[in-house]
Amino acid sequence: MVTIKQIEAVHWVEKLGSFHAAAERLNTTQSTVSKRIQELEQSLGFAVFDRSHKTSQLTLQGRGLLEDFAAMLSLHHKIEHYAKSDNGYSGHFHLGATEMVALTWLPKLIGAITARFPNINLKTSINMTHELQAKFNEYKLDLILCPMTHSEALAGQPAVQLPPLESAWMCGTGFAVGRQGILSAQEIASLPLLTFNEGSLLHQTVVKTLAEHGHTARQTITCSSMIALAELVREGLGIAYLPREYFQTYGGLSIVHTSMTMRPLQYAAIYRDDFIASQIARLAQDHCKFARPGA
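Just so we're aligned: the sequence shown equals residues 18 to 312 in our numbering.
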């Protein structure tokens, strides 16, 4: 007799590429996953996986089952949903967010999630956008809160649009440039620029916008912490392109006005095509606000 646990084992081994990764995803042991697949193969009367290769590969007959197995899992999840109340979910959920989400509205979102799903086993990861997207693509995260990119790997994934992250050039209140009126792109490029990590979308926005105006930064300092970056700016080391709503009330910082037009980062909640994930994405939409808590 074929069971849902056996089908889940096949699904995740095929999706993640190994018995070990599937076991981690299913929160069980590798031997248990292997046993479930062996029992399935005994019930079916043929091998689902070809064990002559180093990596886990489906046999031709095994590949023929994938579409039906996916439909069975989908139906099983729907039945579970109807059999339980919305707040009865007690499984794992892996949430990923950027530092700016963590600094602003993530605590309220986590509170809303645990209020809606009091038995949920929530695991949260804070990281840069490209790291979050990589983990999402590896099925290590179920939902990510980050700027939208043109990643082909995320094409077609369900997403809920969130408010954009508006930013502005800022300097320390004692930095003389803050009193020089509206600066051109050339004047911005001539100043010491402090930016978020080179792999970040904020950094890429700065570099791309300056390049569109025919300039490159003369002197830069990169930093992996937004708070540390703001502190360096406050101490007069240069200017930085910082999230406006959060840092305009930070203290010790002033807006630097410029003629350059800088595009905001459009945020989104990107999630698995799953009922629980879709509900959490809607909660994110309800709570997204990039202001400093209590400001």
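Just so you know, even glycine gets a beta-carbon here, dropped at the ideal spot from N, CA and C.
Suppose the cutoff is 7 Å on Cβ atoms and the five residues either side in sequence are ignored; what does the same chain contact list for residue i look like?
i, result
"G34", "T72 and S73"
"R299", "V177"
"L208", "V194, G255 and I256"
"F36", "V30, Q47, V50, S51 and S73"
"G253", "G189, G191 and F192"
"K125", "H304"
"I130", "I137, L139, I297 and L300"
Kindly give me the distance between the Cβ atoms of residue i and residue j, rounded to whole angstroms, as I take these residues to be in contact under 8 Å.
i, j, result
"I199", "T275", "6 Å"
"Q302", "L158", "The Cβ separation is near 18 Å, so there is no contact."
"R279", "T222", "Just to set this straight, residue 279 is Met in the shown sequence, not Arg. With a Cβ gap of about 6 Å, M279 and T222 count as contacting."
"I143", "A172", "Their Cβ separation, rounded to whole angstroms, is 25 Å, which puts I143 and A172 out of contact at 8 Å."
"T314", "F307", "Past the boundaries of the shown model lies residue 314; the chain is included only from 18 to 312, so the question cannot be answered."
"I272", "F153", "Going by Cβ atoms, the distance from I272 to F153 rounds to 34 Å, so no, they are not a contact pair."
"T233", "H220", "Not really, about 13 Å apart at Cβ, beyond 8 Å."
"T212", "Y258", "7 Å"
Near residue i, what residues of its chain come up, given a Cβ to Cβ distance below 6 Å and the 5 sequence neighbours on each side ignored?
i, result
"S241", "N214"
"R309", "Y263 and T266"
"A26", "V50, R53 and I54"
"T76", "A64 and D67"
"R289", "D159"
"A294", "D159, L160 and Y288"
"G231", "none"
Going by alpha carbons, who is nearest to residue i out of the options?
i, options, result
"H98", "A308, R309 and F292", "F292"
"A206", "A26, T20, E229 and E252", "E229"
"R133", "Q296, Q302 and I24", "Q296"
"H111", "L171, E155 and A26", "E155"
"L227", "E204, G216 and M243", "E204"
"T146", "L218, D85, I137 and P135", "L218"
"I137", "Y106, K225, S184 and Q78", "Y106"
"F63", "G79, A285 and E148", "G79"
"H94", "G108, T239, S271 and G81", "G108"
"Q150", "E248, I127, G231 and A114", "A114"
"P281", "Y288, P164, L43 and D290", "P164"
"A202", "S184, R42, I130 and V224", "V224"
"M18", "L57, R235 and R68", "L57"
"G269", "L246, D67 and L210", "L246"
"W186", "S69, V250, P135 and Q283", "V250"
"E148", "P135, G216 and R235", "G216"
"L61", "S69, L82 and N44", "L82"
"M277", "G311, R235, S184 and E248", "S184"
Indicate the three-state DSSP secondary structure (helix, strand or coil) for residue i in the structure shown.
i, result
"D67", "strand"
"A332", "Since the displayed the chain opens at 18 and closes at 312, residue 332 lies outside it and no answer follows."
"Y267", "coil"
"F192", "coil"
"L57", "helix"
"S48", "helix"
"A39", "helix"
"T212", "strand"
"V177", "strand"
"A308", "coil"
"A301", "helix"
"A185", "strand"
Quick check: is the beta carbon of residue i nearer than 9 Å to any beta carbon in chain D?
i, result
"G79", "Within the model displayed, chain D is absent; a lone protein chain is all it includes."
Apart from the five residues just before and just after residue i, which ones in its own chain have a Cβ nearer than 8 Å to its Cβ?
i, result
"A87", "H28"
"M89", "I21 and I24"
"T46", "A40"
"M117", "L182, M243, P260, Y263 and F307"
Could you tell me if the beta carbon of residue i falls within a distance shorter than 8 Å of some heavy atom in the ligand GTP?
i, result
"E97", "No copy of the ligand GTP appears in this structure; indeed no ligand is present at all."
Scan the region 75-163 and note each continuous beta strand (DSSP E) run of 3 residues or more that stays entirely inside, going in chain order. Correct list: 109-114 and 138-143.
Of all the alpha helix (DSSP H) runs that stay within the bounds of the region 224-298, which reach a length of 4 or more residues? As far as the region 224-298 is concerned, its whole alpha helix (DSSP H) runs of at least 4 residues are 243-251 and 261-264.
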